[in-house]
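There are 2 protein chains.
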Amino acid sequence: MLADADATRRSLLEAAYEEIHRFGFQAASLNAILERTGVTKGALYHHFSSKLQLGYAVLDEHIAGELQRLWFEPLHQPGHPIDTLMEAIMHMGEHYQCEEITLGCPLNNLAQEMSAIDDGFRQRIDSIYKHWQESIETLLTRGQQEGSVSTTIDPADTAFFILASLEGCMSMAKNAQSHDELMRCGKALLSYLNSLRA
Amino acid sequence: MLADADATRRSLLEAAYEEIHRFGFQAASLNAILERTGVTKGALYHHFSSKLQLGYAVLDEHIAGELQRLWFEPLHQPGHPIDTLMEAIMHMGEHYQCEEITLGCPLNNLAQEMSAIDDGFRQRIDSIYKHWQESIETLLTRGQQEGSVSTTIDPADTAFFILASLEGCMSMAKNAQSHDELMRCGKALLSYLNSLRA
DNA sequence: CAAGATACATACTGGTCGGTATGCTCCATG
DNA sequence: CATGGAGCATACCGACCAGTATGTATCTTG
């Protein structure tokens, strides 16, 4: 039954994602994931050759996919680039509510924890960040060509900074465990974005 | 011999700091710390009642102390607030060289890893961040009073955003494992700071 | 000089971890 | 209808972990 096998795999990925999001990759317990899903260890190691490969799969499939839905797709809408950016950011702010905010950005969490000690994680995360940054850069460059974004800024540097600020805001909000702090940070970020208009 | 006892304690704190900085708190191995220092387990548990208490001590004494030297003291110099800020940031950028950059900001690392799962860590980190943010806020407020900083910005919100951006930049640079990326992010941050002048 | 406290050292424990060896059932295919 | 592989299930392994129990010098203090 191929369908059931896929369901098992997806169930493992989902549970692993949550476990990793909550405790980090290294502290994530395979036994806890198994207990949560009702899947046995034999099944897990049938689908993934190691804990590391499971972690990579969570990153490649679950996290990258969610980012696609939450960020890249909304960014491709037409309109004023700065407005589009602000909407995407506010949309993300609304998505990360309540409990989830205290767990932080899944991508940033993994970057912090794993990039220094495992190059497989690092490269995967780096390529996602690059993709993310370029999506902002493209938007800013388009804005400059259309005359809606100030030409005094460097699109690549600015895109990198916007992304860094975004992650920084979520990181601070995570530690403060407060949605207010996220909004506060977001407010300043939006104000900065406004200053980029032509 | 009280002097030797203090030396042992300091040696443990230093080694624990490095181990935690490299692997994170949870993955930090007490045995590795002991091996590195040549101290025995009996001695460690004489000075610290648990791994958690050792972690708190690293945060309270080592990390907070380093931040004091690297940040709070340079910030108390007179002069144009924005210039002071920029110098302090560039000074930090120079300090985090080579290998250290790939390990990230020790405070941010701990915040990301521990704030969601241990309130003792969270509260300690939160108070340090608050202190940090207030030191920037005070500077900005002084600048507004002196007429050197734009009065259209909210000092508290802006200070929070600057701090978040700073941490975000270091986080991105850590993952990219590149000092260039840190400088790139710093450039955009400095440009933002310049826009805050009156 | 006796006694208690300080500052360790050594050996060990129970528990959890990621990973593996083996065997089973089902099902598509020749 | 035999057979081999897919998709598991169960039991187990050695390594490592934080933490502890116990013993022992040394040093301070009455």
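Sequences listed follow chains Y and B, in order.
For the first sequence, position 163 (counting from the first letter as 1) is numbered 163 according to this note's numbering, and the numbering increases by one without interruption.
Add 198 to the 1-based position in the second sequence for this note's numbering, that's all there is to it.
In this text, a Cβ means the ideal position worked out from N, Cα and C, and glycines have one as well.
Which residues in chain B sit within 8 Å of Y:Ala176, going by Cβ to Cβ distance? Residue 176 of chain Y sits at position 176 when you count from the first residue of the first sequence. Within chain B, the residues near Y:Ala176 are Asp324, Tyr327.
Separation of Y:Ile153 from Y:Lys174, as counted between CA atoms: Locating residue 174 of chain Y in the first sequence gives position 174, counting from the first residue. Locating residue 153 of chain Y in the first sequence gives position 153, counting from the first residue. Cα-Cα distance, rounded: 30 Å.
According to DSSP, is Y:Val39 part of a helix, a strand, or is it coil? In the first sequence, the residue the question calls residue 39 of chain Y occupies position 39. In this structure, Y:Val39 counts as coil in the three-state DSSP scheme.
Just to confirm before moving on: does the CB-CB distance between B:Ser363 and Y:Gly93 stay below 7 Å? In the second sequence, the residue the question calls residue 363 of chain B occupies position 165. In the first sequence, the residue the question calls residue 93 of chain Y occupies position 93. Going by C-beta atoms, B:Ser363 is not nearer than 7 Å to Y:Gly93.
Contact set for Y:Thr138: own chain, Cβ-Cβ below 6 Å, skip 5 residues either direction: Against the first sequence, residue 138 of chain Y aligns to sequence position 138. So the list is empty, once near-sequence residues are dropped.
Below 7 Å on C-beta distance, what does B:Ser209 contact in chain Y? Within the second sequence, residue 209 of chain B is the residue found at index 11, counting from 1. Going along chain Y, no residue has its Cβ under 7 Å from B:Ser209, so there is no contact; the nearest lies around 24 Å.
Nearest to B:Leu268 (by Cα), restricted to the options B:Thr238, B:Cys303, B:Pro279: Here the question's residue 268 of chain B lines up with position 70 in the second sequence. Cα-wise, what sits closest to B:Leu268 is B:Cys303.
CB contact below 7 Å: B:Cys383 versus chain Y: As a first step, residue 383 of chain B must be located in the second sequence, where it is residue number 185. Answer yes: the Cβ-Cβ gap between B:Cys383 and chain Y drops below 7 Å somewhere.
Give a yes or no on contact between the region 4-23 of chain Y and the region 45-55 of chain Y, applying the rule of three or more CB pairs nearer than 8 Å. yes
Of the listed residues B:Ala286, B:Glu344, B:Leu301, B:Arg320, nearest to B:Glu216 (C-alpha basis): If you number the second sequence from 1, residue 216 of chain B lands on position 18. The residue with the shortest Cα to Cα distance from B:Glu216 is B:Leu301.
Along chain B, in chain order, which residues have C-beta atoms closer than 9 Å to that of Y:Thr212? Only positions 1 to 198 of chain Y appear in this structure, which leaves residue 212 of chain Y out of reach.
Does B:Asn307 have its Cβ less than 7 Å from a Cβ in chain Y? Numbered from 1 along the second sequence, position 109 holds the residue referred to as residue 307 of chain B. At least one chain Y Cβ lies under 7 Å of B:Asn307.
Pull up the distance between the alpha-carbon of B:Ala309 and that of Y:Ser171, whole angstroms please. By 1-based counting over the second sequence, the position of residue 309 of chain B is 111. By 1-based counting over the first sequence, the position of residue 171 of chain Y is 171. Rounded to whole angstroms, B:Ala309 to Y:Ser171 spans 8 Å at the Cα level.
Mind checking if Y:Met172 is an interface residue toward chain B, Cβ cutoff 7 Å exclusive? As a position in the first sequence, residue 172 of chain Y is number 172, starting the count at 1. Yes, contact with chain B.
Straight-line gap, Y:Ala64 to B:Pro276 (C-alpha atoms, nearest Å): As a first step, residue 64 of chain Y is located in the first sequence; it is residue number 64 there, counting from the start. As a first step, residue 276 of chain B is located in the second sequence; it is residue number 78 there, counting from the start. Near 47 Å, if we compare the C-alpha coordinates of B:Pro276 and Y:Ala64.
Which of helix, strand or coil DSSP assigns to Y:Asp180: Here residue 180 of chain Y is taken as the residue at index 180 of the first sequence, counted from 1. Y:Asp180 falls in the helix class under three-state DSSP.
Rounded straight-line distance, which links the Cα of Y:Ala116 to that of Y:Arg122: In the first sequence, residue 122 of chain Y corresponds to position 122, counting from 1. In the first sequence, residue 116 of chain Y corresponds to position 116, counting from 1. Near 7 Å, if we compare the C-alpha coordinates of Y:Ala116 and Y:Arg122.
Tell me whether the beta-carbon of Y:Ala159 lies closer than 7 Å to the beta-carbon of B:Thr356. Here residue 159 of chain Y refers to the residue found at position 159 of the first sequence. Here residue 356 of chain B refers to the residue found at position 158 of the second sequence. Not a contact, by the Cβ cut-off of 7 Å.
Runs of beta strand (DSSP E) lying entirely within the region 52-79 of chain Y, each at least 3 residues, in chain order: none
Rank Y:Ile89, Y:Asp60, Y:Gln133 by C-alpha distance to the C-alpha of Y:Cys185 and give the top, closest one. Looking up residue 185 of chain Y in the first sequence gives position 185. Cα-wise, what sits closest to Y:Cys185 is Y:Ile89.
Answer with buried or exposed for B:Leu200, where buried requires no fewer than 16 other C-beta atoms within 10 angstroms of its C-beta. Mapped onto the second sequence, residue 200 of chain B falls at position 2. Its pLDDT being 46, under 50, B:Leu200 is placed unreliably in this model, and the value from its coordinates should be taken loosely. It counts as exposed.
Report the neighbours of B:Ile315 on chain Y: residues whose CB is nearer than 9 Å to its CB, in chain order. Here residue 315 of chain B corresponds to residue number 117 of the second sequence, with the count starting at 1. Within chain Y, the residues near B:Ile315 are Arg22, Phe23, Gly24, Ala27.
Kindly list the residues whose CB is nearer than 8 Å to the CB of Y:Ser29, restricted to its own chain and excluding five residues on each side of it in sequence; keep chain order. For the purposes of this step, residue 29 of chain Y is taken as residue 29 along the first sequence, with counting starting at 1. Glu19, Phe23, listed in sequence order.
Return yes when the Cβ of Y:Ile162 is within less than 7 Å of the Cβ of Y:Ile136, no when it is not. Sequence index remark: in the first sequence, residue 136 of chain Y carries index 136 (1-based). Sequence index remark: in the first sequence, residue 162 of chain Y carries index 162 (1-based). Yes. Within cutoff.
Candidates Y:Leu196, Y:Gly143, Y:Ala15, of which the one nearest Y:Arg36 by Cα: By one-based count along the first sequence, residue 36 of chain Y stands at place 36. The shortest C-alpha separation from Y:Arg36 is found at Y:Ala15.
Residues that DSSP places opposite Y:Arg197 in a beta bridge: Numbered from 1 along the first sequence, position 197 holds the residue referred to as residue 197 of chain Y. DSSP output for Y:Arg197 lists Y:Val149 as bridge partner(s).
May I have the straight-line CA-CA distance separating B:Pro353 from B:Gln251, to the nearest angstrom? By one-based count along the second sequence, residue 353 of chain B stands at place 155. By one-based count along the second sequence, residue 251 of chain B stands at place 53. Using only the alpha carbons, I get a separation of about 35 Å.
Check the Cβ-Cβ distances between Y:Tyr45 and every residue of chain B, and say whether any is below 7 Å. Working through the first sequence from its first residue, we reach residue 45 of chain Y at position 45. No, Y:Tyr45 lies away from the interface with chain B (no Cβ there is under 7 Å from its Cβ).
Y:Asp83: first and last residue of the uninterrupted alpha helix (DSSP H) it sits in: Translated into positions along the first sequence, residue 83 of chain Y becomes position 83. First-last of the alpha helix (DSSP H) with Y:Asp83: 81-95.
Please decide whether Y:Phe161 counts as near chain B, where near means a Cβ-Cβ distance under 7 Å. To locate residue 161 of chain Y, count along the first sequence from 1; it is residue 161. Y:Phe161 counts as touching chain B.
Spatial distance of Y:Ala32 from Y:Leu196 (CA atoms): For this step, residue 32 of chain Y is matched to residue 32 along the first sequence. For this step, residue 196 of chain Y is matched to residue 196 along the first sequence. About 47 Å.
Against chain Y, does B:Asp281 count as a neighbour if the rule is that its beta carbon must be under 7 Å from one of theirs? Start at 1 with the first residue of the second sequence, and residue 281 of chain B comes out as number 83. No, B:Asp281 does not count as interfacial toward chain Y.
Return the residue from the list Y:His21, Y:Gly55, Y:Lys41, Y:Leu12 that minimises the CA-CA distance to Y:Asp119. If you number the first sequence from 1, residue 119 of chain Y lands on position 119. Nearest C-alpha to Y:Asp119: Y:Gly55.
So, helix, strand or coil for Y:Phe23, using DSSP? Within the first sequence, numbered from 1, the residue matching residue 23 of chain Y stands at position 23. It is helical.
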